[in-house]
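Visitor: Submitted below is the structure of interest, expressed as structure tokens.
Protein chains: 4
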Amino acid sequence: MIKVGIVGGTGYTGVELLRILAVHPEISVSCITSRSEAGMPVADMYPNLRGHYDLAFSEPDVAVLGACDLVFFATPHGVAMRMVPELMSAGVRVVDLSADFRLKDLDVWANWYGMAHESPEWAEKAVYGLPEVVRDEIRAAQLVANPGCYPTAVQLGFLPLLEQGLVDPARLIADAKSGASGAGRQGKIGMLHGEVGESFKAYGASGHRHLPEIRQGLSGASGGDVGVTFVPHLIPMIRGIEATLYAELKNPADFDRLQALFEERFADEPFVDVMPFGSHPETRSVRGANQCRMALHRQEQSNIVIVSSVIDNLVKGAAGQAVQNMNIMFGLKETMGLEAPALLP
Amino acid sequence: MIKVGIVGGTGYTGVELLRILAVHPEISVSCITSRSEAGMPVADMYPNLRGHYDLAFSEPDVAVLGACDLVFFATPHGVAMRMVPELMSAGVRVVDLSADFRLKDLDVWANWYGMAHESPEWAEKAVYGLPEVVRDEIRAAQLVANPGCYPTAVQLGFLPLLEQGLVDPARLIADAKSGASGAGRQGKIGMLHGEVGESFKAYGASGHRHLPEIRQGLSGASGGDVGVTFVPHLIPMIRGIEATLYAELKNPADFDRLQALFEERFADEPFVDVMPFGSHPETRSVRGANQCRMALHRQEQSNIVIVSSVIDNLVKGAAGQAVQNMNIMFGLKETMGLEAPALLP
Amino acid sequence: MIKVGIVGGTGYTGVELLRILAVHPEISVSCITSRSEAGMPVADMYPNLRGHYDLAFSEPDVAVLGACDLVFFATPHGVAMRMVPELMSAGVRVVDLSADFRLKDLDVWANWYGMAHESPEWAEKAVYGLPEVVRDEIRAAQLVANPGCYPTAVQLGFLPLLEQGLVDPARLIADAKSGASGAGRQGKIGMLHGEVGESFKAYGASGHRHLPEIRQGLSGASGGDVGVTFVPHLIPMIRGIEATLYAELKNPADFDRLQALFEERFADEPFVDVMPFGSHPETRSVRGANQCRMALHRQEQSNIVIVSSVIDNLVKGAAGQAVQNMNIMFGLKETMGLEAPALLP
Amino acid sequence: MIKVGIVGGTGYTGVELLRILAVHPEISVSCITSRSEAGMPVADMYPNLRGHYDLAFSEPDVAVLGACDLVFFATPHGVAMRMVPELMSAGVRVVDLSADFRLKDLDVWANWYGMAHESPEWAEKAVYGLPEVVRDEIRAAQLVANPGCYPTAVQLGFLPLLEQGLVDPARLIADAKSGASGAGRQGKIGMLHGEVGESFKAYGASGHRHLPEIRQGLSGASGGDVGVTFVPHLIPMIRGIEATLYAELKNPADFDRLQALFEERFADEPFVDVMPFGSHPETRSVRGANQCRMALHRQEQSNIVIVSSVIDNLVKGAAGQAVQNMNIMFGLKETMGLEAPALLP
């Protein structure tokens, strides 16, 4: 059994890790930390876990974490970068679900996250863990930066187009929408049911922290700078991201081979499902599942490629992808613990 | 008192007309028709109207409708085009909330609506009733084609940009999202709560009936053909449309004057509210109200203008705009019966 | 014009008061206070009010409030009892939407609200403002304690049964359900969309602050002590309360006259609607409206009277009833400003 | 591998069976029937199952079903009673998720379901499959009538009280609330998102088909007739039932031992969780899981026992309990395929 620790377990990604790991046959969760809730049994905070875990939240303790094979960070930004170096020295492997190690340009990081980065060394060494792009590097990594939720949905949908150089990289638009769990589990007035329910809005339209992460990833796929406009929106639901992507085809004749291109690109990917041309993926078709489903569209008289891409922000957009990365890192079957279909309806 | 008839009153736009007209001081609703529910009191179907109306649904009868000053059609497409000519001859004025008279190119209409148009004469004479564009023509019109819900939100947001020729008219993108009431009140499995709730998806991404209507309106504003990509989405809520619009500024320096331009363009419009630059309009801020609120955004290093525009699809996107048109047609105060603030939360 | 002040305007009852008063023809809101948001325009916090109010929140100032004809308190408990005495001395009339003056037994009050009452004199003089019971006293009152949301729905439904002594007063059960806006607008984790959405639960099942208020009101109607079990539940929606009430008929033969009894009891009440026997009132039929709708049911082989009673917790359960009380106090038409039908769908 | 057939697979219980069985290690689904959708791949209708099943819906064919080890009926009432006798003759075992074999009194059945029962012989032999009551009979049964959703939540909560004779059996009240998936997946206007969303109501308050089933089960537990009032309500969410149960304790002193009694009664039950006294079970704590969670409450000065009981109507209230019954019938571990924690949030 692989011994796993979780730092920052009271948020939605924390409980989602516990939910997934509860049925993972090769994992034993040996500690889960929370400064604010130390001592409280996890099943008291999350009654869906009653009968599954006897653990209580504990104060984060590097000695205890250092005895784990792998530690997940499910913390706000700024925490992992301070604790990771010591764990690295102890030989522990880490999957960081926070944003601390996602950006390679630390000036950009500092600018968006409002603090200086405290572990430039590991920021450089960290592997940005999108398995569909860098599976082999993940296998060997000691530190994996788990991608953000929006960046996962957006990158996967644009990837085949950019890798093949079929679209104008300067004119990418990603109109993305997320359920409320993406904002985490803090008592913010703006995230109350009375504020979020029965309403829809854009937010961060003038700039969102996931924009530089998306830009970095797409530039990598494109082999050069990209111009991408990214607008997130808040959906009155709990789980799910849909990203509608727009790109301008350099040669309209390429439309005919796009579907085949996408299907080939992801043919061996267990967690990316290219649906038939003209399909409309629903977020519920991936609820609770580590899946990205996508479909292509074209409107008459248009050379705009439209891609609709959906994930569950807490699974393929966070905890599920983290477990996928862990499976890769430890040589387990990549789908282990991640086989269950989505919960629909 | 102006005598009003409503044809097709059992759907959501029908009940919304009744809700609004219940407090309109100059209107008396003298008949409301429904083939399927003839004889049923409207307050039995819509208990929110108990105490407000003694009317029952009746069979549509041109003699009765012909005695009205104005008739609203809240019918599926294909109904109004058959009944309108006779009402026109009887001197009745009509606001048609259906799609029958919105498009000027009847080949396009036939193509999207799957039938030949049966009243080409009145399709030509009909005024497309977006008051912010053609108020004077509405005043004099006998037949007003009330705009669609998406087209209202999209056109209002793009108007200032296109009228001033500031953006590339060939590269317009409208990513629009609507609550479920936009699909009407028919027993379709796809619109069940169990299907719509807690899920989000694009639909009609390869082509939607509102696309030609949007294209017609934007071409008018632009003074020439436009290239517009329009993707609608279904939000798990009841009322509200948010459209996020993307356009490429010809001259990035123009960014500095966009806010003032929008404010001036709509300064005298009682039902268009330009919020401060960088705001995020919420659909709930217009729920139940005949308002369009919009705001502008810019992302760093980008010459894409982003406009977020929200309306209540049943009000400014249907029944409210119809009453606004009626007020204009009869020389009433344009805001009469439409003064109440939105219901928030 | 009647000059109105509102203390504590940032919560949901505050904005609801503003929404209703925006179309009230005899009212001018002259000040609205908030310690935390002093200086912020109300329309910045509540964009549905843009164009309706130029007011900004101000620090509470007894001098300013003392110049009003009427002051609404939309504050947490414990605030009104401290400020009311001074306003009373200044001759201002007050409708307190908080719980401060609802209970006559101040030991009970202290027990449930966790503090000693600081204005026993005015607690005694205050009129518990359920117009359907004590309209004449409200007319003459200087201080009205506006009833709680649950107590309004529960009392109205039980009233005719208890006033006529038809049911066993020792065996009353009120199973009540409320939307999330009833919990107010504070940043509590338990009220996040991610916690409330797509879930349902009882809360306060072992005892809730509205229980003594219900007991007091029902005892008054019954002319003696009552035994009532009250369990509130949280519905994943924003507005609306449904209370299903169970009472044991002393004489089953009385079933035949219950419908007539209820209809007569509320025949002259503008805001209570007794629906036909066997109807199922929906909360949406009163959304945004100052209405209580109710209906009676009987199951075969049973002498249990079932009453289903619905209100909008923010309207007939709070701000609407407060305006109704104000109308009565100032000799206005009781329905003034409260005529609009509910928002459905 | 046990070969399983499903009759009537297009509804919500059908897809839920498929979701659960997809990860069941001992089961192979060999056919799934649908008259209306014959030929359509199940994964086209339910995209969450893409990659999990290659099956298409087929016409129901007794020869094919007769080759299965077990057949689930997920059909409307009236179907199973016609097909079951032939399957019984073929030696197939059946779990019927419909209401056909739940009631022992066929006059009562005929009265509530509006048709004569066509298989009295098997109605008598069928085992009413509530494992917590008749596990041994289920083990040996050829035909199991899977309990209804409401009856499961209500019976489990009342069981310990009635079995021990602690409460007045003539005065039971069950106020139950369900998400919309309980109404199935048919295109009924009343179940549209626009009708169900943001609203709450009682329904069937004068009598519901689950009432006689509840009465039969509780009478069995009580050892004599019971008087039970049962009112169902519709919650604006998809999955979940909460039942708040009220019973009058014969001897108030018994309150002290109720918690222990409940805990002992269900100590060996893998799918019933008695939470600490005074807890408030949330439906989300069992979403997607085959669990019933319950808690006890008492209000001061009261001898009413309050039990709050929650299940997922599609799992412990339908497909999950059906799989649990199947596991018992085939001597598998009772929890096999049912181990995953609920999806929260």
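One line per chain: the protein sequences are Y, S, P and U, in this order.
The numbering of the first sequence is UniProt numbering, which starts it at 1 and goes up by one.
The numbering of the second sequence is UniProt numbering, which starts it at 1 and goes up by one.
The numbering of the third sequence is UniProt numbering, which starts it at 1 and goes up by one.
The numbering of the fourth sequence is UniProt numbering, which starts it at 1 and goes up by one.
Virtual Cβ for every residue (Gly too), placed ideally from N, Cα, C.
Quick check on leucine 249 of chain S: does DSSP put it in helix, strand or coil?
Guide: In this structure, leucine 249 of chain S counts as strand in the three-state DSSP scheme.
Visitor: Take leucine 258 of chain S and list the residues in its own chain whose beta-carbon comes closer than 7 Å to its own, dropping the five residues that flank it on each side.
Guide: Closer than 7 Å at Cβ, skipping near neighbours: Leu296 and Val305.
Visitor: What are the residues in the stretch 2-17 of chain U lying within 9 Å of chain Y by C-beta distance?
Guide: Result list: Tyr12, Val15 and Glu16.
Visitor: Is the beta carbon of valine 323 of chain P closer than 7 Å to that of isoleucine 20 of chain P?
Guide: Cβ atoms of isoleucine 20 of chain P and valine 323 of chain P: closer than 7 Å.
Visitor: Is it true that the CB of isoleucine 138 of chain Y sits closer than 7 Å to the CB of glycine 148 of chain Y?
Guide: Taking 7 Å as the Cβ cut-off, glycine 148 of chain Y and isoleucine 138 of chain Y do not qualify as a contacting pair.
Visitor: Residues of chain U with a CB under 7 Å from the CB of isoleucine 46 of chain Y: which are they?
Guide: Checking the sequence, you will find tyrosine at residue 46 of chain Y rather than isoleucine. Under the 7 Å cutoff, chain U gives Leu344.
Visitor: Does DSSP put threonine 75 of chain S in a helix, in a strand, or in coil?
Guide: Coil.
Visitor: May I ask you to list the residues that DSSP assigns as paired with histidine 297 of chain P?
Guide: P/Ile306.
Visitor: What did DSSP end up calling leucine 70 of chain P once you bin it into helix, strand or coil?
Guide: In the structure shown, leucine 70 of chain P sits in a strand (DSSP, three-state: E or B).
Visitor: Between the Cα of glycine 157 of chain U and the Cα atoms of U/Leu70, U/Gly14, U/Leu245 and U/Gly190, which residue gives the shortest distance?
Guide: Checked all of U/Leu70, U/Gly14, U/Leu245 and U/Gly190; the closest Cα to glycine 157 of chain U is U/Leu245.
Visitor: Just curious, the alpha helix (DSSP H) that glycine 5 of chain U is in, first and last residue?
Guide: First-last for glycine 5 of chain U: 2-7, but that is the beta strand (DSSP E), not the alpha helix (DSSP H).
Visitor: For serine 308 of chain S and glutamate 242 of chain S, what's the separation of their Cα atoms in angstroms?
Guide: Cα to Cα, serine 308 of chain S sits roughly 7 Å from glutamate 242 of chain S.
Visitor: Check whether the stretch 189-197 of chain S and the stretch 220-240 of chain U touch, using three or more Cβ-Cβ pairs below 8 Å as the test.
Guide: Touching, yes, given that three or more Cβ pairs across the two stretches are closer than 8 Å.
Visitor: Excluding the five sequence neighbours on either side, which residues of its own chain have a C-beta within less than 6 Å of the C-beta of histidine 77 of chain Y, listed in chain order?
Guide: Taken in chain order, the residues that qualify are Ser98, Ala99, Asp100 and Tyr113.
Visitor: At a CB-CB cut-off below 7 Å, which residues of chain Y make contact with tyrosine 203 of chain S?
Guide: Simply His280.
Visitor: By the three-class DSSP mapping on this structure, what secondary structure does threonine 13 of chain P have?
Guide: Reduced to three states, the DSSP call for threonine 13 of chain P is helix.
Visitor: Cutting at 6 Å between CB atoms, please list the residues of its own chain near alanine 202 of chain S, excluding the five before and the five after it.
Guide: Once the five neighbours on either side are set aside, the close Cβ partners of alanine 202 of chain S are Val231 and His233.
Visitor: At a Cβ threshold of 7 Å, is methionine 294 of chain P touching chain Y?
Guide: No, methionine 294 of chain P lies away from the interface with chain Y (no Cβ there is under 7 Å from its Cβ).
Visitor: Alpha carbon to alpha carbon, what distance is there between tyrosine 12 of chain U and proline 270 of chain P?
Guide: Rounded to the nearest angstrom, the two C-alpha atoms are 43 Å apart.
Visitor: With C-beta atoms as the reference, is valine 7 of chain U less than 7 Å away from threonine 33 of chain U?
Guide: Yes; because the gap between Cβ atoms is below 7 Å, this pair is in contact.
Visitor: With arginine 93 of chain P as the anchor, note down where its beta strand (DSSP E) starts and where it stops.
Guide: Taken as a continuous stretch (DSSP letters only), the beta strand (DSSP E) holding arginine 93 of chain P covers 93-96.
Visitor: May I ask you to list the residues that DSSP assigns as paired with leucine 230 of chain U?
Guide: Looking at the sequence provided, one finds phenylalanine at residue 230 of chain U rather than leucine. BP columns for phenylalanine 230 of chain U point to U/Ala174.
Visitor: Alpha carbon to alpha carbon, how far is serine 181 of chain P from isoleucine 311 of chain P?
Guide: Between serine 181 of chain P and isoleucine 311 of chain P, the C-alpha separation is close to 13 Å.
Visitor: Any beta-carbon of chain Y closer than 7 Å to the one on arginine 50 of chain U?
Guide: It does: the Cβ of arginine 50 of chain U has a partner Cβ on chain Y nearer than 7 Å.
Visitor: Would you mind listing the alpha helix (DSSP H) stretches within the stretch 114-155 of chain S that are 4+ residues and don't spill past its ends, in chain order?
Guide: Entirely contained in the stretch 114-155 of chain S, the alpha helix (DSSP H) runs reaching 4 residues are, in chain order, 120-125 and 131-140.
Visitor: Starting from the beta carbon of serine 34 of chain P, find every residue of chain Y whose beta carbon is closer than 7 Å, and list them in chain order.
Guide: Residues of chain Y passing the Cβ test: none, with the nearest at roughly 13 Å.
Visitor: For a cutoff of 7 Å on Cβ pairs, would you count methionine 191 of chain U as touching chain S?
Guide: Interface residue, yes.
Visitor: Please state whether DSSP places lysine 316 of chain P in a helix, a strand or coil.
Guide: DSSP places lysine 316 of chain P in helix when its eight states are reduced to three.
Visitor: Taking only three categories from DSSP, how would you classify threonine 283 of chain P?
Guide: Three-state result, threonine 283 of chain P: helix.
Visitor: Output the boundary residues of the beta strand (DSSP E) element that contains valine 23 of chain S.
Guide: Careful: valine 23 of chain S lies outside any beta strand (DSSP E) and carries neither H nor E.
Visitor: Give the single residue among P/Pro252, P/Val108 and P/Gly179 whose Cα lies nearest to the Cα of glutamate 213 of chain P.
Guide: Glutamate 213 of chain P has its Cα closest to that of P/Val108, out of P/Pro252, P/Val108 and P/Gly179.
Visitor: Select from the stretch 118-146 of chain S all residues with a C-beta closer than 9 Å to any C-beta belonging to chain Y, and list them in chain order.
Guide: Hits within the stretch: zero.
Visitor: Measure from the C-beta of valine 79 of chain P to each C-beta in chain U and report whether the shortest distance is under 7 Å.
Guide: Chain U contact via Cβ: absent.
Visitor: So with Cβ pairs under 7 Å, would you call valine 231 of chain P a contact of chain U?
Guide: By this cut-off, valine 231 of chain P is an interface position.
Visitor: Does any residue of chain S have a CB that is nearer than 7 Å to the CB of arginine 265 of chain P?
Guide: For arginine 265 of chain P, the answer is no, since every Cβ of chain S falls outside 7 Å of its Cβ.
Visitor: Going by alpha carbons, who is nearest to alanine 67 of chain U out of U/Cys31, U/Pro41 and U/Met115?
Guide: Considering only alpha carbons, the answer is U/Cys31.
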